[in-house]
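Participant: Residue numbers (this note's numbering), protein chains in the order written: chain S, 2 to 348; chain D, 2 to 348. Think of the CB as a built atom: it goes at the ideal place given N, C-alpha and C, for glycine as much as any other residue. Dropping a structure here in structure tokens format, bear with me for questions.
Number of protein chains: 2
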Amino acid sequence: MAENILVIGGGPAGLHAAIELAELGVNVSLVERDTFFGGNPKKFKYKYLFPDLQPAENVIGELIKGAESNNNIKKYLSANIESFKEDGKKFSAVIKSSTGSETKTFDSVIVATGFEHFDPAKDSKYSYQLFDDVIDIKDLERMMGEGNFTRPSNGKPPKNVAIILCVGSRDRHVGNQYCSRVCCTVSVKQAIELKEHFPETEVYIFYMDIRTYGFYEDLYWKAMEEHDVQIVKGRVAEITSGPDNTVICKGEDTLLRGPFEIPFDMVVLASGMEGGPQSPEMADKLGIELDEHGFLKQANVTLSPFKSNKDGIFLAGACTGPKAIADAIVEGGAAAMDAYIYAKKNS
Amino acid sequence: MAENILVIGGGPAGLHAAIELAELGVNVSLVERDTFFGGNPKKFKYKYLFPDLQPAENVIGELIKGAESNNNIKKYLSANIESFKEDGKKFSAVIKSSTGSETKTFDSVIVATGFEHFDPAKDSKYSYQLFDDVIDIKDLERMMGEGNFTRPSNGKPPKNVAIILCVGSRDRHVGNQYCSRVCCTVSVKQAIELKEHFPETEVYIFYMDIRTYGFYEDLYWKAMEEHDVQIVKGRVAEITSGPDNTVICKGEDTLLRGPFEIPFDMVVLASGMEGGPQSPEMADKLGIELDEHGFLKQANVTLSPFKSNKDGIFLAGACTGPKAIADAIVEGGAAAMDAYIYAKKNS
Chain S
2 MAENILVIGG GPAGLHAAIE LAELGVNVSL VERDTFFGGN PKKFKYKYLF PDLQPAENVI
62 GELIKGAESN NNIKKYLSAN IESFKEDGKK FSAVIKSSTG SETKTFDSVI VATGFEHFDP
122 AKDSKYSYQL FDDVIDIKDL ERMMGEGNFT RPSNGKPPKN VAIILCVGSR DRHVGNQYCS
182 RVCCTVSVKQ AIELKEHFPE TEVYIFYMDI RTYGFYEDLY WKAMEEHDVQ IVKGRVAEIT
242 SGPDNTVICK GEDTLLRGPF EIPFDMVVLA SGMEGGPQSP EMADKLGIEL DEHGFLKQAN
302 VTLSPFKSNK DGIFLAGACT GPKAIADAIV EGGAAAMDAY IYAKKNS
Chain D
2 MAENILVIGG GPAGLHAAIE LAELGVNVSL VERDTFFGGN PKKFKYKYLF PDLQPAENVI
62 GELIKGAESN NNIKKYLSAN IESFKEDGKK FSAVIKSSTG SETKTFDSVI VATGFEHFDP
122 AKDSKYSYQL FDDVIDIKDL ERMMGEGNFT RPSNGKPPKN VAIILCVGSR DRHVGNQYCS
182 RVCCTVSVKQ AIELKEHFPE TEVYIFYMDI RTYGFYEDLY WKAMEEHDVQ IVKGRVAEIT
242 SGPDNTVICK GEDTLLRGPF EIPFDMVVLA SGMEGGPQSP EMADKLGIEL DEHGFLKQAN
302 VTLSPFKSNK DGIFLAGACT GPKAIADAIV EGGAAAMDAY IYAKKNS
């Protein structure tokens, strides 16, 4: 008899896990709260992915197609887990979707509920939502995904753009001490895309540390050498309105050791990643733990980052912390493997 | 009939992959070139792991025990793949070990051959091997693993220690443009361990960017706030001998915009990670590709980082690029899942 495995979350990690399990003949129930699969990359219309600038469709599109075409995956959209309980070594869940409620028994569970972007409106110094031309990393990603590279205020090409890193990350004032891992590389990628579209536009990146780790470094070199992106070590302390429909970034250049005050046509805030309200909700519902950063807690951060503290419940993707899509997919595979082994043993 | 899967490399990634497959009843052949399992963490006697400073034994010891106690894993030490060829959808390999040569047929293959540390002697400015008190990241890890925190030259506690990041990384002069991902966090961890052992010792870290990405950031805060580690943005350009059996680090403080010349009792070079000679050897033997950095090439860096360009041959761990032990283990799981699916379909 085939195993039954529940996958909660239809982003990159959950999709990959579901497809892998379905390939082994497992009956997978894939539960997604949104009206579509693909997670944040789909929601914010990612068009090109770092580090190789390949079309997001190659990755996200493939995963969605793979899940949609697989009959071993029962797909639930606009759905959630209404209730959940342990049942010996198995789990019983009520899945509620637009078509009603269904009670099912599962041999194991994978949680892949992802992340939320930090809301930059929470930090007033950035004047997000106050000025049309102050947008954030996901707004720009969506705009560029729709082929729009112009200023929100007037639809014209920006003469200059400031990209501000670590918005809502590495910042105790907003409660997020951790680094969000991918914003540096995403921002460098966005700077390159802006320069490719408007070569005359000046693009500045204000950073604390540029964390284009591993091979992402290639993109950093490319931004500086091929596209003349200005990478400035400095913190922006305030954004105010400027003359001629500009916004002024005030701050300090840490290397030049002096204050700056520069009018920009457009400012992009590299908002970090948070566990989102779904993390405590999942922890509560499934009886698993949260970590001190508001993400789901891994059984052992090195030996078993894909396990929760509860036997039979596995974790994958950004629900355990900020990470790149590649890392989320890999974790989806590792969690699927363990969830399958667990199901085999107990079914 | 059980599937047969070959795992090449007995470090964290290979061990985890082998154990997971064996749990599913697969006949695993685990081939390790060294005389022991555990890879570089075992070779250099890692004692505590970042980011939570848990004993390495919790992770590496567990994996070794798991593989050694599993009868579905045929273990080959001091062994290598003498020859390899495709055989329809299967693979035929000759495994050579101290007990002789064996020819076996496999349904799929996982390559997890790991990395080598950059040899700092290749960059003469660091005077590695010229002065006893200039050591590198793996030397210090091994020393601390053996409970030794003192100066190599005289066995006394160091009054001050310099840790120099990006040795052999982010450096085109030595041919490695990429960042090695983990050296920042390992170095911050080592600084904390030094300070815990000798609270009076002054520890400096010279960096370009501190890349304690994600939750590794917690360790960076800890080093600064709890242990008063001095974190200095600056490049060391030369190491020479100094008075009173010291070594002098000369360089420029990028933030203070001035040169420095400081005598240290001990200097630790944070040597990066390289693909090592085993990567081109494996690529050649298995007919898979190398990337431009000298690591094994992933089929798709985002969608399938655990696949080679050849069907049935999968990749895991640092053989595809610098990464943390956690990431290597997760990739071991993801590669195992795919190798199992491939074997199931074709066996």
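CA-CA distance, N5 (chain S) and I65 (chain S)?
Facilitator: Position 4 of the first sequence, counting from 1, holds the residue named residue 5 (chain S). Position 64 of the first sequence, counting from 1, holds the residue named residue 65 (chain S). Each residue's alpha carbon lies about 21 Å from the other.
Participant: Entirely within the segment 61-134 of chain S and at least 3 residues each: give me those beta strand (DSSP E) ranges in chain order.
Facilitator: If we require 3 residues or more, the beta strand (DSSP E) runs fully inside the segment 61-134 of chain S come out as 74-77, 81-88, 91-98, 101-107 and 109-112.
Participant: Just checking: is the beta-carbon of G322 (chain D) within a distance shorter than 8 Å of some beta-carbon in chain S?
Facilitator: What you label residue 322 (chain D) is simply residue 321 of the second sequence in a count that begins at 1. Chain S, which has a Cβ nearer than 8 Å to the Cβ of G322 (chain D), makes this yes.
Participant: Under a Cβ-count criterion, where at least 16 other Cβ atoms within 10 Å of its own Cβ denotes burial, should H174 (chain D) be classed as buried or exposed?
Facilitator: For the purposes of this step, residue 174 (chain D) is taken as the residue at position 173 of the second sequence. H174 (chain D) comes out exposed.
Participant: Judging by CA-CA distance, which residue of S:I96, S:T100, S:F107 and S:S99 is the nearest neighbour of S348 (chain S)?
Facilitator: Your numbering for residue 348 (chain S) matches position 347 in the first sequence. Among S:I96, S:T100, S:F107 and S:S99, the Cα nearest to that of S348 (chain S) is on S:F107.
Participant: Just by C-beta distance, which residues in the segment 60-74 of chain S are closer than 8 Å to chain D?
Facilitator: From the segment 60-74 of chain S, only V60, E63 and L64 have a Cβ closer than 8 Å to chain D.
Participant: Between which two residues does the beta strand (DSSP E) carrying P264 (chain D) extend?
Facilitator: Within the second sequence, residue 264 (chain D) is the residue found at index 263, counting from 1. Element bounds for P264 (chain D): G259 to F265.
Participant: Taking 8 Å as the CB-CB cut-off, is Q231 (chain D) touching chain S?
Facilitator: Indexing the second sequence from 1 puts residue 231 (chain D) at position 230. Judged by the 8 Å Cβ criterion, Q231 (chain D) is not in contact with chain S.
Participant: Who are D172 (chain S)'s beta bridge partners in DSSP?
Facilitator: Reading the first sequence from its first residue, position 171 is the one you call residue 172 (chain S). Answer is S:N177.
Participant: Just the C-alpha distance for P260 (chain D) and I240 (chain D), rounded to the nearest angstrom, thanks.
Facilitator: In the second sequence, the residue the question calls residue 260 (chain D) occupies position 259. In the second sequence, the residue the question calls residue 240 (chain D) occupies position 239. Distance between the alpha carbons of P260 (chain D) and I240 (chain D): 14 Å.
Participant: Straight-line CA distance for D172 (chain S) to S272 (chain S)?
Facilitator: The residue given as residue 172 (chain S) occupies position 171 in the first sequence. The residue given as residue 272 (chain S) occupies position 271 in the first sequence. Taking the straight line joining both Cα atoms gives about 11 Å.
Participant: If you measure between the beta carbons of L31 (chain S) and K76 (chain S), is that distance less than 8 Å?
Facilitator: As a position in the first sequence, residue 31 (chain S) is number 30, starting the count at 1. As a position in the first sequence, residue 76 (chain S) is number 75, starting the count at 1. It is a contact, given that the beta carbons lie within the stated cut-off.
Participant: So is R152 (chain S) in contact with chain D if we call contact Cβ pairs under 8 Å?
Facilitator: Translated into positions along the first sequence, residue 152 (chain S) becomes position 151. It does not: the Cβ of R152 (chain S) has no partner Cβ on chain D nearer than 8 Å.
Participant: Spatial neighbours of D88 (chain S) within its chain, please: CB distance less than 8 Å, with the 5 preceding and 5 following residues excluded, ordered by chain position.
Facilitator: Here residue 88 (chain S) refers to the residue found at position 87 when the first sequence is read from its first residue. These residues qualify, in order along the chain: T106.
Participant: Kindly indicate which three-state DSSP category I342 (chain D) falls into: helix, strand or coil?
Facilitator: As a position in the second sequence, residue 342 (chain D) is number 341, starting the count at 1. Three-state DSSP puts I342 (chain D) in a helix.
Participant: Report the residues of the segment 304-320 of chain D with a CB closer than 7 Å to any CB of chain S, ordered along the chain.
Facilitator: Listed by position along the chain: L304, P306 and F307.
Participant: I need the DSSP call for L54 (chain D), collapsed to helix, strand or coil.
Facilitator: Taking the second sequence and counting its residues from 1, one reaches residue 54 (chain D) at position 53. If DSSP states are grouped into helix, strand and coil, L54 (chain D) belongs with coil.
Participant: Just to confirm, is the Cβ distance from K286 (chain D) to L256 (chain D) under 8 Å?
Facilitator: If you number the second sequence from 1, residue 286 (chain D) lands on position 285. If you number the second sequence from 1, residue 256 (chain D) lands on position 255. Not a contact, by the Cβ cut-off of 8 Å.
Participant: Bridge partners of L316 (chain S), per DSSP?
Facilitator: Locating residue 316 (chain S) in the first sequence gives position 315, where the first residue counts as 1. In the DSSP output, where bridge partners are listed per residue, L316 (chain S) has S:V112.
Participant: With H, G and I counted as helix, E and B as strand and the rest as coil, what does DSSP make of M274 (chain S)?
Facilitator: Looking up residue 274 (chain S) in the first sequence gives position 273. If DSSP states are grouped into helix, strand and coil, M274 (chain S) belongs with the strands.
Participant: Out of D:A94, D:G10, D:N41 and D:K308, point me to the one whose CA is closest to T114 (chain D)'s CA.
Facilitator: As a first step, residue 114 (chain D) must be located in the second sequence, where it is residue number 113. If we check each option's Cα against that of T114 (chain D), D:G10 comes out closest.
Participant: Which residue spans inside the segment 185-227 of chain S form an unbroken alpha helix (DSSP H) run of at least 4?
Facilitator: 218-226, all fully within the segment 185-227 of chain S.
Participant: So, is the C-beta of V1 (chain S) closer than 8 Å to a C-beta in chain D?
Facilitator: Any answer about residue 1 (chain S) is impossible in this case: the structure gives chain S only from 2 up to 348.
Participant: Using a 10 Å radius around the Cβ and a threshold of 16 neighbouring Cβ atoms, would you call G101 (chain S) buried or exposed?
Facilitator: In the first sequence, counting from the first residue as 1, residue 101 (chain S) sits at position 100. It counts as exposed.
Participant: What in chain S is Cβ-close to H294 (chain D), meaning under 7 Å?
Facilitator: For the purposes of this step, residue 294 (chain D) is identified with residue 293 of the second sequence, where counting begins at 1. Near H294 (chain D) (Cβ distances below 7 Å), the residues of chain S are F216.
Participant: By the DSSP assignment, the alpha helix (DSSP H) with L141 (chain S) in it spans what residues?
Facilitator: Position 140 of the first sequence, counting from 1, holds the residue named residue 141 (chain S). Run containing L141 (chain S): I138 to G146, per the alpha helix (DSSP H) assignment.
Participant: Would you mind telling me which residues of chain S sit closer than 7 Å to V331 (chain D), beta carbon to beta carbon, in chain order?
Facilitator: Along the second sequence, read from residue 1 onward, the residue named residue 331 (chain D) stands at position 330. P306, F307, V331, E332 and A335, listed in chain order.
Participant: Would you say E117 (chain D) lies against chain S (beta-carbon separation less than 8 Å)?
Facilitator: Reading the second sequence from its first residue, position 116 is the one you call residue 117 (chain D). So no, E117 (chain D) is outside the interface.
Participant: Would you give the residue range spanned by the alpha helix (DSSP H) that E24 (chain S) belongs to?
Facilitator: Translated into positions along the first sequence, residue 24 (chain S) becomes position 23. Counting along the chain, the alpha helix (DSSP H) containing E24 (chain S) begins and ends at P13 to E24.
Participant: Pick from D:S305, D:Y179, D:L22 and D:I164: whose alpha carbon is nearest that of I193 (chain D)?
Facilitator: As a first step, residue 193 (chain D) is located in the second sequence; it is residue number 192 there, counting from the start. Among D:S305, D:Y179, D:L22 and D:I164, the Cα nearest to that of I193 (chain D) is on D:I164.
Participant: Going by beta-carbon coordinates alone, are A325 (chain S) and I111 (chain S) separated by less than 8 Å?
Facilitator: Your numbering for residue 325 (chain S) matches position 324 in the first sequence. Your numbering for residue 111 (chain S) matches position 110 in the first sequence. The answer is no: Cβ separation not under 8 Å.
Participant: Show which residues of chain D have a CB atom less than 8 Å away from the CB atom of M338 (chain S).
Facilitator: As a first step, residue 338 (chain S) must be located in the first sequence, where it is residue number 337. Here the neighbours are E21, G334, A335, A337, M338 and Y341.
Participant: Between the Cα of P13 (chain D) and those of D:G40, D:T36, D:V29 and D:E21, spot the shortest distance and give me the residue it belongs to.
Facilitator: Translated into positions along the second sequence, residue 13 (chain D) becomes position 12. The option with the nearest alpha carbon to P13 (chain D) is D:G40.
Participant: Quick one: list the residues of chain D neighbouring Y47 (chain S), beta-carbon separation under 8 Å, in chain order.
Facilitator: Taking the first residue of the first sequence as 1, we reach residue 47 (chain S) at position 46. Those do not exist, as Y47 (chain S) stays about 11 Å from chain D at its closest Cβ, beyond 8 Å.
Participant: Would you please state the rounded distance, in angstroms, between the beta carbons of G276 (chain D) and G295 (chain D)? I believe it to be under 8 Å.
Facilitator: Translated into the one-based positions of the second sequence, residue 276 (chain D) becomes position 275. Translated into the one-based positions of the second sequence, residue 295 (chain D) becomes position 294. About 4 Å separates the two Cβ atoms, so the contact holds.
Participant: Beta carbon of Y214 (chain S), beta carbon of Y214 (chain D): below 8 Å?
Facilitator: Here the question's residue 214 (chain S) lines up with position 213 in the first sequence. Here the question's residue 214 (chain D) lines up with position 213 in the second sequence. Cβ distance < 8 Å, so Y214 (chain S) and Y214 (chain D) count as in contact.
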